[in-house]
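Numbering (this note's numbering), first residue to last: 2 to 175.
Think of the CB as a built atom: it goes at the ideal place given N, C-alpha and C, for glycine as much as any other residue.
Since the model is a prediction, treat every value here as computed from it, not as a measurement.
First the structure, in the form of structure tokens, and then the observations on it.
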């Protein structure tokens, strides 16, 4: 079968360095163990490098690039998402810098959010722009300027701000 690789047991591989140190040639080891020369050379290379016939770093948890965000950073991100419900990546980036002085690229934040099972959702204008503190300040200003509430005419809030035209999606928990 093309592409099919036969798995060789570690016990069989362990015999290769023993036979080699007993002055058997590579060709003789191949005949005795019914294996290919490439396996003998690879196994002898691993044995000389690591002292074992298998690669100890093959299934290591510490392979690849180090993570930029620490566990504390991930906890902060998770807390912010749970508290705010919906947030843009640039806002999350700003919060992370303000709280932990950690700068993370949006792609790094995106991967962290995916590991936290946070999804990409359409943000409605009311949810993205509603701010109770700003609303209370506005109501206090109106109350100071208008002596009689009957003088007021109320219209629907405008659903446009500087972010509405560009940011239409945000992140929130599944």
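query: For residue 119, three-class secondary structure by DSSP; result: strand
query: Of the listed residues 76, 21, 47, nearest to residue 96 (C-alpha basis); result: 76
query: Boundaries of the alpha helix (DSSP H) in which residue 27 is found, first to last residue; result: 27–34
query: Beta-carbon gap between residue 32 and residue 38 smaller than 8 Å; result: no
query: Coil, strand or helix - residue 49 by DSSP; result: helix
query: Where residue 146 sits in the DSSP three-state scheme; result: helix
query: Nearest candidate by alpha-carbon position, reference residue 10, set 119, 50, 55, 137; result: 55
query: Same chain, Cβ closer than 7 Å to residue 16, five either side skipped, listed in chain order; result: 34
query: Residue range of the unbroken alpha helix (DSSP H) whose run includes residue 14; result: 11–22
query: Contact set for residue 73: own chain, Cβ-Cβ below 8 Å, skip 5 residues either direction; result: 101
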